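Engineer:
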Amino acid sequence: MIQKTQPDNPQLFFQNPWDRWTSYLQMCDYSKIFIISDSNTNQHCVPYFYQKTGLSDCPQYSIQAGESSKNLSTCEHIWEFCLNNQIDRNSLIIALGGGVVCDITGFCASSLLRGIDFIYIPTSLMAMSDAAHGGKNGINFKGFKNQIGLFNAPKAVLIDTTFLETLPDRHLKNGYVEMIKHAFIDNPPYWEELCDYTWPLDTETLKSYLKKSIRTKMDIVDLDFYEKGPRKMLNFGHTYGHAIESMALADGTDILHGEAIALGMLYEAWLSDQLFNWKSHWLAKFTTLLKPFLPTFTVPLDRVDDLIYWMNGDKKKSNHKIGFSLLEVPGKGRVDIDVKPELIIKSLEYYNII
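Numbering of the sequence shown is given in our numbering, commencing with residue 365 and proceeding in unit increments.
1. Should Val693 be labelled buried (16 or more other beta-carbon atoms within 10 Å of its own) or exposed?
2. Please check the pair Ala607 and Met543, which I expect to be a contact at CB under 8 Å, by giving their CB distance rounded to whole angstroms.
3. Could you tell me which residues DSSP pairs with Ile457 in its beta bridges?
4. Can you give, in chain order, each stretch of the beta strand (DSSP E) that sits fully within the region 506-566 and has at least 3 residues?
5. Would the region 578-598 and the region 544-551 be scored as touching if the rule is three or more Cβ pairs under 8 Å?
6. Starting from the C-beta of Ser420, find all residues in its chain whose C-beta is less than 7 Å away, skip the five residues before and the five after it, and write them out in chain order.
7. Cβ atoms of Trp634 and Ser689: under 7 Å apart, would you say?
8. Can you check which of these residues, His684, Ile457 and Glu713, is closest to Ala700 by C-alpha distance?
9. Taking only three categories from DSSP, how would you classify Ser475?
10. By Cβ distance below 8 Å, which residues in the same chain neighbour Pro705 in space, the five residues on each side in sequence not counted?
11. Restricting to Cα atoms, I'd like to know which of Trp563, Thr417 and Lys434 is closest to Asp383.
12. Using 10 angstroms around the beta-carbon of Met629, count the other beta-carbons present and answer buried if the total reaches 16, otherwise exposed.
13. According to the Cβ coordinates, are Ala612 and Phe650 closer than 7 Å?
14. Rounded to a whole number of angstroms, what is the C-alpha to C-alpha distance between Gly677 and Pro486?
15. Among residues of its own chain, excluding the 5 on either side of Leu658, which ones have a beta-carbon nearer than 8 Å to its beta-carbon?
16. Entirely within the region 391-436 and at least 4 residues each: give me those alpha helix (DSSP H) ranges in chain order.
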């Protein structure tokens with residue numbers, strides 16, 4: 365008998381999301397509903413959520429906003445809160461927040477009582493376009509990104525772009541970076557569209573691109589949920605990006621995930637150009653598109669050893685080699701590429717000349 369290895373895709377509530385939410389809850393009849401938020405969404409998004417759902421009596425736990433909360437200690441507090449409030453296997457946990465809230469809630473729900481249903485209600489563009497989709501959840505460990513976690517999809521993802529009205533421009537840019545990545549690695553016509561627009565986008569254009577990004581990502585995930593092959597292309601920019609993010613956090617430097625990934629994509633686009641002889645205009649065009657989203661943080665040449673140290677902690681590493689996901693051409697990738705340290709050094713030099 366052939367066993368199914370691919371989990372069902374979560375329901376996506378995008379059109380009339382709250383009506384579909386109500387129908388879903390009536391169908392599922394959960395014994396209890398828990399809400400996990402953070403200190404930002406608790407202030408800006410939870411009141412709107414209560415207004416839409418009437419669930420103000422549900423047990424709610426708020427974590428401190430930011431990447432520093434994505435750790436085992438926070439998980440222990442969430443588990444303790446849920447158990448003290450009599451959670452059972454017929455309960456539902458809702459993640460109401462950005463990427464950190466979604467990642468840690470998915471991990472806590474998947475491991476508590478060997479699995480509790482959970483739903484994502486992403487409130488940031490980063491979470492709406494990327495983090496809430498694909499079933500990856502987990503926490504950081506010993507300074508390294510996403511070292512502990514698992515693959516498990518939520519039952520549903522509810523997207524209400526009204527939440528984006530609460531975000532400053534920097535955080536909108538943070539999420540838009542992942543949308544650029546989706547277009548560049550798998551959807552060249554979408555990438556060409558993005559190149560024709562300048563930031564900021566009007567609301568309707570942003571919503572249209574958000575739908576395209578979700579569809580592009582999920583088409584890739586559907587091929588390879590457990591990231592054994594083609595899904596690794598979604599890591600374009602992330603080998604550098606996660607290392608840069610870890611380095612910045614260790615230094616106490618303020619950097620957002622998307623800002624680190626923007627810088628990582630710039631370096632990995634340069635590597636792709638070097639290794640696969642891109643047409644002359646591709647790198648310049650991609651660099652121009654990324655420029656408004658790059659952080660002020662840079663990696664000095666004298667810290668390349670630190671960068672490689674953090675890269676060596678990358679969870680995609682295999683046989684003691686760092687595996688890069690690079691592009692032969694826009695829309696066609698190659699995974700598990702071994703890159704020599706000399707090229708990593710030269711890639712850092714590229715940033716100094718743009």
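Beta carbons are placed, not taken as given, at the ideal position from N, Cα and C, and that holds for glycine.
The structure displayed is predicted, hence computed values, not measured ones.
Structural biologist: If we stick to the structure as given:
1. exposed
2. 22 Å between Cβ atoms; not a contact.
3. Phe398 and Phe482
4. 508-515 and 520-522
5. yes
6. Tyr414
7. no
8. According to the sequence shown, residue 700 is Asp rather than Ala. Of the listed residues, the one whose Cα sits closest to Asp700 is His684.
9. helix
10. Val668 and Ile672
11. Thr417
12. buried
13. no
14. 28 Å
15. Glu623, Ala626, Leu627 and Leu630
16. 403-408 and 410-417
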